[in-house]
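Student: I have a structure I would like to understand better, so I am pasting it below and will then ask my questions one at a time.
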Amino acid sequence: MVNQFTINLGFYMLMPYLAAYLAGPVGLAGWLVGLILGVRNFSQQGMFLLGGTLADRLGYKPMIIAGLVLRTAGFATLGLVQSVPALLAASAATGLAGALFNPAVRAYVAADAGDRRVEAFALFNVFYQAGILLGPLVGMVLTGVDFRLTCLVAAGIFAVLGAVQLRALPARRGDDAGQAPGQRDGVLSQWRGIVSNRPFLLFSVAMTGFYVMQFQVYLALPLEVRRLGGDGTFGTGAVAVLFAVSGLSTILFQTRVTAWCKARLAPGRALAWGLLTMGLGFLPLLAATAVPVPAGGPGLWLLAAVPPALSALLLAIGTMIAYPFEMDTIVRLSGNRLIATHYGLYNTVCGIGITLGNLLTGAALDTARAAGMSALPWVALSVLGLVCAAAVLGLHRTGRLASPGAQPELATA
């Protein structure tokens with residue numbers, strides 16, 4: 003839990019301000035800034051499967067430590083160099099670090115929690131969101147002095163965390179890690195086995211919409227705030243409110259929401275309700291498109307701030323409902339074998355979905371502005387939530403979300 007909080011603290015101290023640093027003091031062209039940021043994302047999403055596989059074969063702790071060391075080096079390099087090749091290498095290193103420790107951390111939590119995985123991942127999300135909430139605030143203070151200081155402090159945080167984890171974190175291994183090489187299936191054989199796990203793949207595809215909708219707190223909602231409220235002090239403050247609403251609501255209510263859902267809902271139904279809530283989260287923005295835009299004053303401020311804040315709250319509630327059951331379902335569909343590898347492939351599939359979803363969302367936002375159809379993006383995102391909820395509910399009713407070998411639940415006509 004502390005590991006994930008600190009990882010997010012260090013990461014979000016630096017990353018929200020990296021583009022402005024590269025375009026400003028370093029003086030890079032916009033396409034180079036996009037390339038450097040894209041390399042980080044690609045190296046992380048593209049290597050999740052490899053990181054998960056290594057964690058299952060070598061143990062979770064070595065991959066966590068390796069990822070922390072690599073991110074320490076990457077963040078320090080970002081603050082010390084200005085040449086494009088070195089910046090690209092540092093960006094790739096920070097992304098690869100995430101691919102190494104993210105599947106291992108989640109598999110570690112799943113292994114340690116045993117039958118209490120749902121509660122463990124609920125608490126995990128509290129620590130996760132706390133890091134996201136606090137990181138940018140610390141980074142803003144440090145970047146006000148010098149962005150290079152932000153990079154070095156973030157690198158120092160990862161170095162200290164790595165040293166503490168190396169000394170204090172007990173070793174945990176996947177079920178395949180302790181076998182002799184001759185007894186162990188080859189990597190390609192393991193991958194083929196996971197790819198042939200049809201319920202797992204169907205679940206992965208159905209859940210891509212979860213991450214596309216969740217990401218709109220960082221994409222569509224801030225753009226809508228700034229479209230109406232401008233880029234000045236009000237717009238900046240209203241965007242900060244979005245992140246505060248999302249993070250604080252999770253910190254305050256995640257464990258209570260999970261306890262309520264676990265007592266009353268089957269995991270598949272909880273997932274469907276979470277996705278449905280996220281889809282409904284765009285209705286405040288859809289309703290706001292029917293209101294004439296005031297020329298200025300308090301009316302404009304309310305229109306720019308309140309509907310996006312309500313959407314951020316509903317997206318956070320949907321995430322609180324779904325996330326712990328999502329993580330638990332991945333473990334169940336893996337049959338408790340090669341858990342980190344399953345997390346790795348799951349993250350890769352969802353990462354591809356996020357990329358495509360954000361491209362389509364951006365295109366919908368541009369089309370809506372050009373054609374005067376401001377409701378289009380919010381209708382599309384609401385429909386996405388309904389479709390994903392229906393898909394997950396269908397998987398639940400047909401027994402595909404049960405552990406391998408469990409008797410499927412009879413589906414109603």
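In this note's numbering, the protein residues as written are 3 to 415. Glycine is no exception: its CB is placed at the ideal position from the N, C-alpha and C atoms. None of the values given here were measured: they were computed from a predicted structure.
If you reduce the DSSP assignment to three classes, tell me which class Thr-252 lands in.
Tutor: Here the question's residue 252 lines up with position 250 in the sequence shown. Residue state, collapsed to three classes: helix.
Student: Looking only at its chain, what residues have a beta carbon closer than 6 Å to the beta carbon of Val-393, apart from the 5 residues adjacent to it on each side?
Tutor: The count along the sequence shown starts at 1 and reaches residue 393 at position 391. For clarity, residue 393 is Ala in the given sequence; the question names Val instead. Around Ala-393: Ala-208.
Student: Closer than 6 Å by C-beta to Met-17: which residues in its own chain qualify, once you throw out the five before and the five after it? Chain order, please.
Tutor: Numbered from its first residue, the sequence shown carries residue 17 at position 15. Nothing meets the Cβ criterion.
Student: Is it true that the stretch 125 to 132 meets the stretch 69 to 87, where meeting means three or more beta-carbon pairs spaced less than 8 Å apart?
Tutor: No, the stretch 125 to 132 does not touch the stretch 69 to 87.
Student: Would you report the Cα separation of Leu-267 and Ile-323, rounded to the nearest angstrom?
Tutor: For this step, residue 267 is matched to residue 265 along the sequence shown. For this step, residue 323 is matched to residue 321 along the sequence shown. The straight-line gap from Cα to Cα measures roughly 10 Å.
Student: Can you list the alpha helix (DSSP H) stretches of 4 or more residues lying completely in the stretch 95 to 172, in chain order?
Tutor: The qualifying runs are 119 to 147, 149 to 170.
Student: With DSSP run on the structure shown, which of helix, strand or coil describes Leu-267?
Tutor: For the purposes of this step, residue 267 is taken as the residue at position 265 of the sequence shown. If DSSP states are grouped into helix, strand and coil, Leu-267 belongs with coil.
Student: Quick one: which unbroken alpha helix (DSSP H) runs of 4-plus residues sit fully inside the stretch 279 to 352? Chain order, please.
Tutor: Segments of the alpha helix (DSSP H) lying fully in the stretch 279 to 352: 285 to 290, 299 to 336.
Student: Please identify the residue among Ala-109, Thr-357, Leu-37 whose C-alpha is closest to the C-alpha of Ala-173.
Tutor: Here residue 173 refers to the residue found at position 171 when the sequence shown is read from its first residue. It is Ala-109.
Student: Quick one: is Gly-180 buried, meaning 16 or more other Cβ sit within 10 Å of its Cβ, or exposed?
Tutor: Here residue 180 is taken as the residue at index 178 of the sequence shown, counted from 1. The predicted model places Gly-180 with a pLDDT of 47, which falls under 50 and marks its position as unreliable, so this point remains unresolved.
Student: Using the rule of at least 16 other Cβ atoms within 10 Å of the residue's Cβ for burial, across every protein chain shown, is Ser-198 buried or exposed?
Tutor: Position 196 of the sequence shown, counting from 1, holds the residue named residue 198. It is exposed - the Cβ of Ser-198 has fewer than 16 other Cβ atoms within 10 Å.
Student: Given this structure, state the Cα-to-Cα distance separating Ala-297 from Phe-245, to the nearest angstrom.
Tutor: For the purposes of this step, residue 297 is taken as residue 295 along the sequence shown, with counting starting at 1. For the purposes of this step, residue 245 is taken as residue 243 along the sequence shown, with counting starting at 1. Cα-Cα distance, rounded: 26 Å.
Student: Rounding to the nearest angstrom, what Cα-Cα distance links Gln-256 and Cys-352 in this structure?
Tutor: The sequence position of residue 256 within the sequence shown is 254, counting from 1. The sequence position of residue 352 within the sequence shown is 350, counting from 1. Each residue's Cα considered, the two are about 22 Å apart.
Student: Applying the 10 Å Cβ sphere with the 16-neighbour rule, what's the burial state of His-398?
Tutor: Stepping through the sequence shown from its first residue, residue 398 is reached at position 396. Burial call: buried.
Student: In three-state DSSP terms, what is Asp-58?
Tutor: Here residue 58 is taken as the residue at index 56 of the sequence shown, counted from 1. Helix, per DSSP.
Student: Is the distance from the Cβ of Gly-219 to the Cβ of Met-15 below 8 Å?
Tutor: Walking along the sequence shown from the start, residue 219 turns up at place 217. Walking along the sequence shown from the start, residue 15 turns up at place 13. Residue identity differs from the one stated: residue 219 is Val in this sequence, not Gly. In this structure, Met-15 does not lie closer than 8 Å to Val-219 by Cβ.
Student: What are the boundary residues of the alpha helix (DSSP H) that Ala-391 is part of?
Tutor: Numbered from its first residue, the sequence shown carries residue 391 at position 389. It spans 378 to 399 - the alpha helix (DSSP H) in which Ala-391 sits, taken as one unbroken run.
Student: Does Ala-182 pass the burial test, meaning 16 or more other C-beta atoms within 10 Å, or should it be called exposed?
Tutor: What you label residue 182 is simply residue 180 of the sequence shown in a count that begins at 1. Reliability of the predicted coordinates at Ala-182 is poor, the pLDDT of 49 falling under 50, and no value is obtained from them.
Student: Between Ala-261, Pro-310, Trp-275, which lies nearest to Leu-288 when the distance is taken from Cα to Cα?
Tutor: In the sequence shown, counting from the first residue as 1, residue 288 sits at position 286. Per the Cα distances, Pro-310.
Student: Are Thr-279 and Ala-377 close, meaning C-beta to C-beta below 8 Å?
Tutor: Counting from one through the sequence shown, the residue named residue 279 turns up at place 277. Counting from one through the sequence shown, the residue named residue 377 turns up at place 375. Not closer than 8 Å, so no.
Student: Along the alpha helix (DSSP H) that carries Tyr-14, what are the first and last residues, could you check?
Tutor: As a position in the sequence shown, residue 14 is number 12, starting the count at 1. Taken as a continuous stretch (DSSP letters only), the alpha helix (DSSP H) holding Tyr-14 covers 4 to 25.
Student: Taking just the CA atoms, how far does Arg-169 sit from Thr-363?
Tutor: Taking the first residue of the sequence shown as position 1, residue 363 is located at position 361. Taking the first residue of the sequence shown as position 1, residue 169 is located at position 167. When rounded, the distance between both Cα atoms is 45 Å.
Student: Leaving out five residues before and five after Val-227 in sequence, what residues of the same chain have Cβ atoms less than 8 Å from its Cβ?
Tutor: As a position in the sequence shown, residue 227 is number 225, starting the count at 1. Once the five neighbours on either side are set aside, the close Cβ partners of Val-227 are Gly-237, Ala-240, Val-241, Leu-244, Ala-306, Ala-307, Pro-310.
Student: Within the same chain, show all residues whose beta-carbon is closer than 6 Å to that of Pro-138, passing over the 5 residues directly before and after it, in chain order.
Tutor: Locating residue 138 in the sequence shown gives position 136, where the first residue counts as 1. Hits under 6 Å: Tyr-14, Pro-18.
Student: Specify, as a first and last residue, the run of the alpha helix (DSSP H) that Ser-85 falls within.
Tutor: Here residue 85 refers to the residue found at position 83 when the sequence shown is read from its first residue. Per DSSP, Ser-85 belongs to no alpha helix (DSSP H) and is neither H nor E.
Student: Do you know whose CA, among Pro-27, Leu-395, Lys-63, Asn-338, lies nearest Gln-167's CA?
Tutor: By 1-based counting over the sequence shown, the position of residue 167 is 165. Considering only alpha carbons, the answer is Lys-63.
Student: Can you say whether Ala-2 is buried or exposed, counting buried as having 16 or more other CB atoms within 10 angstroms of its CB?
Tutor: No answer is possible for residue 2: the residues shown for the chain start at 3 and end at 415.
Student: Under DSSP, the alpha helix (DSSP H) around Tyr-213 begins and ends at which residues?
Tutor: Taking the sequence shown and counting its residues from 1, one reaches residue 213 at position 211. Residues 210 to 217.
Student: Could you check what DSSP says for Ser-45 in three-state terms: helix, strand or coil?
Tutor: Residue mapping note: residue 45 aligns to position 43 of the sequence shown, counting from 1. Of the three classes helix, strand and coil, the one that applies to Ser-45 here is helix, per DSSP.
Student: Is it a yes or a no for the stretch 64 to 72 touching the stretch 113 to 121, going by three-plus beta-carbon pairs under 8 Å?
Tutor: Cβ pair count under 8 Å is below three, so no.
Student: If distances are taken between C-alpha atoms only, which option among Arg-229, Leu-223, Ile-253 comes closest to Phe-284?
Tutor: Translated into positions along the sequence shown, residue 284 becomes position 282. Of Arg-229, Leu-223, Ile-253, the residue nearest in Cα terms is Leu-223.
Student: Restricting to Cα atoms, I'd like to know which of Phe-205, Asn-338, Leu-386, Gly-346 is closest to Ala-112.
Tutor: Taking the first residue of the sequence shown as 1, we reach residue 112 at position 110. Checking every option, the nearest Cα to that of Ala-112 belongs to Asn-338.
Student: Starting from Leu-230 and walking both ways along the alpha helix (DSSP H), at which residues does that stretch end?
Tutor: Walking along the sequence shown from the start, residue 230 turns up at place 228. Run containing Leu-230: 222 to 231, per the alpha helix (DSSP H) assignment.
Student: Would Leu-388 pass as a contact of Glu-328 if the rule is Cβ separation under 8 Å?
Tutor: Counting from 1 along the sequence shown, the entry for residue 388 is found at position 386. Counting from 1 along the sequence shown, the entry for residue 328 is found at position 326. No, they are not a contact pair.
Student: Check whether the Cβ atoms of Asp-2 and Ala-342 sit closer than 8 Å, and answer yes or no.
Tutor: Lying before the first or after the last residue shown, residue 2 is absent from the chain, which here runs from 3 to 415.
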